[in-house]
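Number of protein chains: 2
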Amino acid sequence: MIGIFDSGVGGLTVVKEIKRALPNVSIIYFGDTARLPYGNKSAQTIQKYSCEITEFLAEKGCRTIVIACNSASSVAAGFLREKFPGLKIYDVVSSGAEAIVEATRSKKVGVIGTTATIASDVYRQKISQLDPKIEVFTKNCPLFVPLVEENWIGRSETKKIARVYLKELKLKKVDALLLGCTHYPLLEKVIAGVMGKRVKLVSSGCKLAEELRKKNINGSKNGDKYFVSDLTPHFMKLAGKILGKKITIEKVQLA
Amino acid sequence: MIGIFDSGVGGLTVVKEIKRALPNVSIIYFGDTARLPYGNKSAQTIQKYSCEITEFLAEKGCRTIVIACNSASSVAAGFLREKFPGLKIYDVVSSGAEAIVEATRSKKVGVIGTTATIASDVYRQKISQLDPKIEVFTKNCPLFVPLVEENWIGRSETKKIARVYLKELKLKKVDALLLGCTHYPLLEKVIAGVMGKRVKLVSSGCKLAEELRKKNINGSKNGDKYFVSDLTPHFMKLAGKILGKKITIEKVQLA
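Residue numbers (the numbering used here), protein chains in the order written: chain A, 1 to 255; chain B, 256 to 510.
The structure is reproduced here in C-alpha cells:
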C-alpha cells in the first residue's frame with residue numbers, strides 16, 4: 001500500500017498519475033484540510049504535521065510514503081527519512097527536479113511554487129546537484145492556489161495574474177517550467193498560454209509515478225481510502241474535479 | 256485585560272480600534288497562524304480551535320474576550336458563551352450587524368466576507384433580528400484575504416477582482432456595505448472606489464471598540480502581549496503595517 005499525503009486536495013493530482021501508472025496498487029490518501037495551507041507556515045510546524053500524518057499512514061499499513069505536497073517535501077522530506085528509516089519515502093520535489101533536468105535543452109529552467117517552497121530554495125539546490133550547469137529562475141505565485149480553490153481557472157483575471165507572475169521567467173527565456181505546487185497542474189492551460197509553445201511544462205506527479213512503477217511496487221487491491229482532517233463540501237467538489245469520479249472521504253483527527 | 260483572537264493577523268485591525276478607544280487597557284492577542292485560515296474550515300473544527308484559544312486567554316487572566324475573526328464569530332460565538340459563562344464574550348459579527356443597522360437609510364445593505372462567514376448566513380439573521388425590514392444582500396469574496404496577504408492592495412488586478420465580486424451588490428443599490436472580514440479594512444480604498452461615494456462602508460472593529468468603551472472596562476496597564484501559534488516573517492510584516500509600529504510576538508503551542 002502506498003500512503004500519499006498533502007495539505008489539502010492538491011495532492012490528488014499526484015494520486016491521479018500514480019493510479020494511471022500503477023492501476024493495481026491501493027493507495028491511502030491523507031489531506032490535512034484542517035490545517036491547510038502549509039505554504040505560509042514555518043518549517044518546524046510543517047515537520048510536526050508531516051510527522052503526525054506519516055505515523056497515521058504507517059499505522060494503516062503503508063510502507064511506501066509519497067509526500068505529495070511541495071511545501072512539506074521542501075522542508076520535511078529529510079526530516080521524515082531520518083525519523084522513519086523503515087519507510088520508503090518519495091517526495092514531489094526530488095521527482096520534479098529530476099523531471100526538469102531531463103526536459104531542458106537550453107539549460108535555463110523556471111520553477112514556480114508557493115512562497116514557502118520558493119523561499120526554501122530547495123528546487124534550485126536539487127537541480128544544481130543533478131546538473132550544476134543549469135540556470136534556475138524561480139518565482140513564488142501565492143495567488144494561484146486560492147484561484148484554483150475558487151475555481152477561477154478559466155477567467156481573464158487569472159490569466160492577468162499569471163502574466164504578472166510569469167513575466168520575468170519569460171524574459172529569461174527558460175525552455176522548461178516546473179509546476180512546483182500540486183495545485184498548478186489544474187492551471188496548466190493558462191500557464192502554457194502565457195509561457196508559449198516553446199516552453200515545456202513539467203509536473204512532479206508524472207515522474208514520481210514512473211519511478212514507483214519502475215520499483216515494481218506491488219500491493220493488494222484492497223481499494224483506495226481517502227482521509228482528511230476536516231470535511232468540507234469544497235474538498236469533495238475539487239476532489240471530484242481532479243479525479244474525475246466521486247470518492248468516499250473519511251474524517252479523522254490527528255492531534 | 257482584554258483577550259482578542261483571530262485566525263491570523265487580520266484581527267489586529269480590531270486591536271487598533273480598541274487601543275484607540277481604550278488607550279489605558281492592556282490587551283492579549285492570539286493569532287492562530289499555524290492553523291489559518293478558518294474561512295474554509297468546518298464549524299466543528301473552528302469551535303474546537305476557538306475553545307482552545309479562549310482557555311489560553313482565560314489562563315492569562317483575561318475576563319473579557321473579543322472574537323476578532325468573522326468565521327469564528329459566525330460559528331463559535333454562541334458555543335463559547337455557553338461553555339465559558341464566567342467570561343464576557345464580544346464578537347465582531349454582533350457588533351458589525353449593529354453598526355450596519357445604524358448606518359443604513361434605504362434599508363438595503365450589503366455584507367461581504369469569506370465563504371464560511373457568508374455560507375453561515377449569520378449576518379443576515381443578526382441584522383433581521385435588529386430590523387426585519389432591512390434587505391440584506393451578501394457576497395463571499397474568497398480572494399480578498401490572499402490579495403491582502405500578498406500585499407497586492409493597490410494593484411489593478413485587485414481592483415478588477417473587486418469589481419467582479421461587488422458588481423451584484425452595486426446593482427442592488429445598497430447604501431451601506433459591511434466589511435465582514437477583518438482583512439477587508441485594508442482594502443477599504445479599493446472597495447470604496449468600486450462601490451462609489453454614496454455607499455457607506457462599515458467595519459465591525461470601530462463599533463466593538465465603542466461598546467467596550469461604554470462598558471467602562473478597566474485594566475492595569477501591564478503592556479500588551481501578542482501570541483501566535485506559528486511565527487512567520489509574513490505575520491511580523493503585516494502586523495507592523497496594520498498597527499503602524501513594531502511589536503514583540505511570542506510563539507506558543509496550544510494543541
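Even for Gly, the Cβ is constructed at its ideal location relative to N, Cα and C.
Does the beta-carbon distance from residue 431 of chain B to residue 352 of chain B come in below 8 angstroms? no
For residue 251 of chain A and residue 65 of chain A, I'd like the C-alpha separation in whole angstroms. 20 angstroms
Which residues DSSP lists as bridging residue 64 of chain A, in chain order: A:2, A:88
Could you check how far apart the C-beta atoms of residue 142 of chain A and residue 117 of chain A are, in whole angstroms? I think they sit under 8 angstroms. That belief does not hold up - the Cβ atoms of residue 142 of chain A and residue 117 of chain A are roughly 10 angstroms apart, past 8 angstroms.
Report the CB separation of residue 38 of chain A from residue 71 of chain A in whole angstroms; it is logged as a contact under 8 angstroms. 4 angstroms
Name the two residues that bound the continuous beta strand (DSSP E) containing residue 400 of chain B. No beta strand (DSSP E) holds residue 400 of chain B; the alpha helix (DSSP H) holding it covers 399 to 404.
Rounded C-alpha distance that separates residue 50 of chain A from residue 364 of chain B: 45 angstroms
Closer than 8 angstroms at the beta carbon, the chain A residues around residue 412 of chain B: 157, 160, 161, 164
Coarse secondary structure for residue 497 of chain B, derived from DSSP in three states: helix
Determine, using beta carbons only, whether residue 70 of chain A comes closer than 8 angstroms to chain B. no
For a contact meaning CB atoms closer than 7 angstroms, what does residue 300 of chain B contact in chain A? 34, 230
Out of curiosity, what's the CA-to-CA distance linking residue 190 of chain A and residue 232 of chain A? 27 angstroms
Which residues in the same chain as residue 199 of chain A place their Cβ atom closer than 7 angstroms to its Cβ, once the five residues preceding and following it in sequence are excluded? 174, 175, 176, 177
If residue 276 of chain B sits next to residue 464 of chain B, beta carbons under 8 angstroms apart, how far is it from one beta carbon to the other, in whole angstroms? 4 angstroms
Pull up the CB-CB distance for residue 489 of chain B and residue 265 of chain B, whole angstroms please, since I reckon it's below 8 angstroms. Actually they do not touch by this definition, with Cβ atoms about 12 angstroms apart.
Roughly how many whole angstroms lie between the Cα atoms of residue 259 of chain B and residue 337 of chain B? 18 angstroms
Using beta carbons (cut-off 8 angstroms, strictly below), is residue 305 of chain B in contact with chain A? no
Taking the beta strand (DSSP E) that residue 40 of chain A belongs to, which residues open and close that run? That residue, residue 40 of chain A, is in no beta strand (DSSP E); it is neither H nor E in DSSP.
Go ahead and label residue 291 of chain B buried or exposed: buried means 16 or more other beta carbons lie within 10 angstroms of its beta carbon, across all protein chains shown. buried
Does the distance from the CB of residue 58 of chain A to the CB of residue 296 of chain B come in under 8 angstroms? no
Identity of the residues DSSP links to residue 176 of chain A by a beta bridge: A:109, A:200
Residue 438 of chain B versus chain A: which residues are under 7 angstroms apart at the beta carbon? Going along chain A, no residue has its Cβ under 7 angstroms from residue 438 of chain B, so there is no contact; the nearest lies around 13 angstroms.
Taking Cβ positions only, does residue 150 of chain A come closer than 8 angstroms to chain B? yes
Nonlocal neighbours in the same chain, by C-beta distance under 6 angstroms from residue 379 of chain B, ignoring five residues either side: 391
Within a Cβ cutoff of 7 angstroms, which residues of the same chain sit near residue 491 of chain B, ignoring the five residues on either side of it in sequence? 504
To the nearest angstrom, how far is the alpha carbon of residue 171 of chain A from that of residue 187 of chain A? 20 angstroms
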